[in-house]
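Protein chains in written order, with the numbering used here: chain G, 40 to 390; chain B, 40 to 390.
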DNA sequence: TTGTAAGCGTTATCAC
DNA sequence: GTGATAACGCTTACAA
């Protein structure tokens, strides 16, 4: 083996063809007819030489980097306890791998939105982008639309043309809170999963309010607290709620991760779940089946969210207009034991 | 704004210099003296034109992709519940960002080790690699050493020249189990965090055995079960343990994530923690402070592991030989309530 | 201190 | 069907 890099030139020489032919064969360019024997020779030569095309050269010449970017809009350390993220990563990598794409991951802080991920794009580092946790105040987002850059939101910005994959956070939160109301609760606190600039956080809060309104319960801002992604914030905000003088018999929390912080705070106060305080979460992270008590929560189809967004992005990259570029996936209220059961529900189960 | 891409040529023309000068200025090439006014002109022109160099062209010409790869050796879905991973990601991104590097993440299945990540390297897609969860049977690993590719293990392979950042899993497991023994336990079960081909899993099991031996307790293979990363496996293996006829009063589990599966299984059997069964985990994921009972576990300095590995890799990339390329970070046994306290300990607390 | 020119390893456009 | 040849946009000796 010589010392220099094996190039397509080497393959071409060994196969007795030109570099063009090597490229055509290796990339399986459609609409080009290569004789079977030539094709074989090229393929053999390539594998004998253990040839791997250089990514940068391919990218430069073809104008495609074969990399997609997963961008998370977060502050430092806010992903450290994000149980949802690993599920997304898992689904994303699995989906894009067959197409030979690679996944680049980056966190951009809300303050630096504009500079940061537009650079990735302008540098043509990535061919397409999946943006998790879009915010209302993200002005870089509209630039994406303007330049018509292939992008899919994991989440959504209302009334925009962006491709997105999301759930109906509002309806899901509504049904979760309605469940609590049906159980007889009327003093229901709420801890958001994140600041309201994150669309998902606002939508879940809105769903909470809707459920109250629809059931004739007056909204009380004293019952609201704002979390920010990490479990600590659930813990702190629950303590804040408990330390205030408001009465409540249940709490709806915008993410399971935060819910477990809240659960700890509730226990520290010597209160029982669900007898003293019922709790409902959101996400249905894998742990929630196993917690004590098992957590009633809204199941987000994490794997599907990841897969669908990757699929849509692939279509965008291929230049196909996807049949549906704005998709809402189903959620499901998973009733477990953290909010007990109303007498009527219990009776139904026994039937 | 014209339709074509802004190139360094455009910047050069606007600034009235050559592309060379533009490159020298923008890359801050050391040891080259550029007059301040020229430098200013170039900088101004670049920002006026909103110039962003094209990554592929840079990579091709400079032979550096400015991307580092984080490779996880796992089977599909085994990262979905990995609470440790998000902490690593967080630390990694934070550390490499200032250097302008990007992070590419990929999962490679143990069966496909060889093909997969060597390709990333041969394609020069990445300049360096951080490999999480090395296995004893990874034959691609030695190829890395042979070609002298910049690589850092998150974990370690005994007796190899690889740069690595790790903890002393054996000693940490030993101290955790010794703690249990000091509490009076002698029938201590063990559930590994992963198959023993993963070095960390074997080391933790070895530490467990050492602790037994050092304290005159006979090793009983009936007390051992093998997990595989996900919470479900902790749950299943604990049930398996409980369903067998072995007696035990404590269980040591190779990862907190699995420990919570085990905790659920223990409760399903109507047993109490720690009164009936004491449990000790490993990792100290953020949740473990908040669980009920709070989990006694070994704290892994996740952020530091990530940071140090990124730092070492940076030095390797810069061509500097790092002062220490094999580093062992401190762990700490965090005693909480999941294994109760021995009578003597309790007395000490009261003093 | 700055410019000229030669790559870097592909893909893509045309001829043949 | 296959092969020259010209991009692609940048870095980097080397020269001036």
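Positions of the beta carbon are idealized from the N, C-alpha and C atoms, including for glycine.
Mind checking if residue 248 of chain G is an interface residue toward chain B, Cβ cutoff 8 Å exclusive? no
Apply the 10 Å Cβ neighbour rule to residue 323 of chain G and answer buried if 16 or more other Cβ atoms are within range, or exposed otherwise. buried
Contact between the segment 205-212 of chain G and the segment 363-383 of chain G (3+ Cβ pairs under 8 Å): yes
Can you tell me whether residue 41 of chain G is buried or exposed, with buried defined as 16 or more other CB within 10 angstroms of its CB? Caution is warranted here: a pLDDT of 41 is assigned to residue 41 of chain G, below 50, making its placement in the model unreliable, and the coordinate value is therefore given only provisionally. With fewer than 16 Cβ atoms within 10 Å of its Cβ, residue 41 of chain G is classed as exposed.
Closest Cβ-Cβ distance between residue 115 of chain B and chain G: below 8 Å? yes
Contacting residues, own chain, Cβ-Cβ under 6 Å from residue 134 of chain B (five flanking each side not counted): 346 and 349
Quick check: the segment 220-237 of chain G against the segment 260-268 of chain G, are there 3 or more CB pairs under 8 Å? yes
Ordered list of beta strand (DSSP E) runs contained in the segment 123-161 of chain G, each at least 3 residues: 141-147
Note down, one range per segment and in chain order, each beta strand (DSSP E) of at least 3 residues found wholly within the segment 235-318 of chain G. 263-265 and 289-292
Would you give the residue range spanned by the alpha helix (DSSP H) that residue 226 of chain G belongs to? Run containing residue 226 of chain G: none; DSSP gives neither H nor E here.
Please go through the segment 187-227 of chain B and give each complete alpha helix (DSSP H) segment of 4 or more residues, from N-terminal end onward. 208-221
Return the first residue and the last residue of the alpha helix (DSSP H) that residue 342 of chain B is part of. 341-357
Paired residues, beta bridge with residue 322 of chain G - DSSP: G/338
Proximal residues of chain G, C-beta to C-beta of residue 133 of chain B below 9 Å: 115, 116 and 146
Inter-residue spacing [alpha-carbon to alpha-carbon] between residue 110 of chain B and residue 177 of chain G: 31 Å
Alpha carbon to alpha carbon, how far is residue 238 of chain B from residue 317 of chain B? 26 Å
Specify, as a first and last residue, the run of the beta strand (DSSP E) that residue 373 of chain B falls within. 371-373
Under a three-way DSSP split, which group does residue 363 of chain G fall into? coil
Report yes or no: do three or more beta-carbon pairs, one from the segment 172-186 of chain G and one from the segment 214-223 of chain G, lie closer than 8 Å? no
Among the residues of its own chain, which have a CB less than 6 Å from the CB of residue 130 of chain G, if the five just before and after it don't count? 342, 345 and 346
Would you kindly work out how many angstroms separate the C-alpha atoms of residue 58 of chain G and residue 65 of chain G, rounded to a whole number? 10 Å
First and last residue of the uninterrupted alpha helix (DSSP H) at residue 62 of chain G: 58-65
Would you mind telling me which residues of chain G sit closer than 7 Å to residue 92 of chain B, beta carbon to beta carbon, in chain order? 162
By DSSP's criteria, residue 379 of chain G is part of a beta bridge. Which residues make up the other side? DSSP lists no partner for residue 379 of chain G.
Grab me the residues of residue 190 of chain G's own chain with a C-beta within less than 6 Å of its C-beta, minus the 5 sequence neighbours each way, in chain order. 168 and 183
Given a cut-off of 8 Å, decide if residue 244 of chain B and residue 319 of chain B are closer than it, judged by their beta-carbon atoms. no
Counting pairs of beta carbons, one from the segment 68-84 of chain B and one from the segment 81-89 of chain G, are three or more of them closer than 8 Å? no
Cβ of residue 158 of chain B less than 8 Å from any chain G Cβ? yes
Skipping 5 residues on each side, what residues in its chain have a beta carbon closer than 6 Å to that of residue 374 of chain G? 335
My understanding is that residue 174 of chain G touches residue 272 of chain G, with C-beta atoms under 8 Å, so please give their C-beta distance in whole angstroms. Not quite, the Cβ-Cβ distance comes to about 17 Å (not below 8 Å), so this is no contact.
How would you call residue 296 of chain B, buried or exposed, if buried means at least 16 neighbouring beta carbons within 10 angstroms? buried
Please name the residues in the segment 64-77 of chain G whose beta-carbon is closer than 7 Å to at least one beta-carbon of chain B, in chain order. none
Inter-stretch contact (C-beta, 8 Å, three-pair minimum) for the segment 101-109 of chain B and the segment 140-155 of chain B: yes
Counted within 10 angstroms of its Cβ, other Cβ atoms place residue 54 of chain B as buried (16 or more) or exposed: buried
Considering only DSSP beta bridges, list what residue 78 of chain G is partnered with. Beta-bridge pairing links residue 78 of chain G to no other residue.
Listed by chain order, chain B residues near residue 95 of chain G by CB distance under 7 Å: 95, 98, 99, 104 and 163
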